[in-house]
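First up is the structure itself, then whatever we jot down about it.
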Amino acid sequence: MNAAEKSVSTLIGIPTQRPTSWWLETLRKRAERMYDEHLDLSKPVAFESEDERRACIKFFNAAYRAEESGKAGAHKLAEEVRPWDPDLAECLVLYGNEEGWHRELLDEFLAHIGGGVTAMGRMTKTFYDVYGKAERLESIMLTNLMFETIGATTYRLSLRRVKQPLARQVLVILTRDESFHVPLNVHFIREILKHHPERSRARLKAIYQAVFHSLILLSLASRKVAQPFDRVTWKELTSAYVENLGRLFVNEPDLDFQPPRHLLAAFGMTRGGLRSAGEPDSISVAAAEAAARREDVQVTPL
Ligand SMILES: [Fe+2]
Ligand SMILES: [Fe+2]
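Taking my numbering as reference, the numbering of the sequence shown is continuous, increasing by one, and the terminal residue is 304.
If you want it as structure tokens, here you go:
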């Protein structure tokens, strides 16, 4: 096959993107039944040790902060987007509400295990301070998408070994919903770039690199505090982060962000290998459709 033939795709008919109206309708349907789902707080949570309980509190505190910043970011962006696309703004509001609901669940769970929301560690605080200062819509959305990706990765990995039923219930809810949020955030980025075609891709690529490296550092720091609860090793967590952050855009030629080669090499991965991994893309419309109806989603550990 010559180069010209190769450039003609034989794939037909599969939608790779959905219009805002599809996302809005899906989010509205999700909102109708969201508050009907409750945590089973009927029994006390038994931990094997005080160490495990403390690590569990730290683990879900980190999740709480991610939900909190996700909600605030989405609602702030909604107001900026509203003048030029009210439907997209409504999507952002409903998305922010889902994060707000997650935060409420975490609040209840933390209270139930005798924890609560604690002050952030120094490194985490620095990270959120930098995120809070990001002003451009597309920068905030890209950072958010990467947060969602590592959130979904951490929760799914934790499901491998966490046995406690209530903690598992929380992890399943978060994993399931973040899998829908990942492709949703890609839709937000695309719409914002369509509205602001002048915005530099080079700048976004630099953000992708910076956030990628910061998240890998955060994964190292999290092992010290959360491992007695989730029992995920440093190597498992960090290589899953590198792989999932690296795979985010491999099949999206219009969002051509390249994962850092040295990090891939350090974990024995290559860009070509990520591209042909054969698993469904987490940011694809197919992934969104599979995760859209909460009641149909089967969550499997990573
Ligand atoms: Fe969430
Ligand atoms: Fe989310």
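Using N, Cα and C, we set each Cβ at its ideal position, and we do this for glycine too.
With the rule of 3 Cβ pairs closer than 8 Å, the segment 86 to 106 counts as touching the segment 69 to 76.
In terms of Cα proximity to T22, the closest of R170, Q166, T155, N187 is N187.
Sequence-distant partners of Q171 (beyond 5 residues in either direction) whose C-beta falls short of 7 Å from its own C-beta, in its chain, are L41, D42. With contacts defined by Cβ atoms closer than 9 Å, P262 and Q211 form a contacting pair. P230 is a Cβ neighbour of R56, given a cutoff of 9 Å. Taken in chain order, the whole alpha helix (DSSP H) runs of length 4 or more contained in the segment 41 to 83 are 52 to 83.
Rounded to the nearest whole angstrom, the C-alpha separation of P255 and Q19 is 13 Å.
Comparing C-alpha distances from M271 to each of R295, E291, N246 shows the shortest one belongs to N246.
L112 sits in a helix when the DSSP states are folded into three classes.
Under the three-state reduction of DSSP output, W24 falls in the helix class. The beta carbon of T177 sits closer than 8 Å to those of A154, Y157, R158, L161, V301, all from its chain and outside the five residues before and after it, given in chain order.
In the DSSP annotation of this structure, the continuous segment of the alpha helix (DSSP H) that includes V213 starts and ends at 203 to 232. Shortest gap from the CB of H40 to any heavy atom of ligand 1: 8 Å or more.
Just measuring C-alpha positions, the residue of T28, E180, L257, S224 sitting nearest W103 is E180. In the assembly as shown, N146 is a buried residue. Its beta-carbon has 16 or more other beta-carbons within 10 Å. Judged by the Cβ position, D109 fails to qualify as a neighbour of ligand 1 at the 8 Å threshold, every heavy atom of the ligand being at least this far.
Selection V213, L217, R138 evaluated against S202 yields R138 as nearest (Cα-Cα).
DSSP, reduced to helix, strand and coil, places R163 outside both helices and strands of the structure shown, so it counts as coil. Between V47 and I115, the C-beta gap is smaller than 9 Å, which places the two residues in contact. From the listed residues R273, A223, K196, the smallest Cα separation to K237 is found for A223. If you ignore the 5 residues before and after S241, its C-beta comes within less than 6 Å of the C-beta of F269, all in its own chain and listed in chain order. Its Cα nearest to that of K196, the residue D87 stands out among D87, G248, A76, A64. The C-beta of L108 has 16 or more other C-beta atoms within 10 Å across all chains shown, which makes the residue buried. For E140, the number of other beta carbons within 10 angstroms of its own is at least 16, and it is reported as buried. Between L112 and I59, the C-beta gap is smaller than 9 Å, which places the two residues in contact. For A121, no alpha helix (DSSP H) run applies, since DSSP gives it neither H nor E. The beta carbon of V164 is closer than 8 Å to those of R170, L173, F231, D232, R233 in its chain, skipping five residues each way along the sequence.
Linking H264 to I218 through their CA atoms gives a straight-line distance of about 13 Å.
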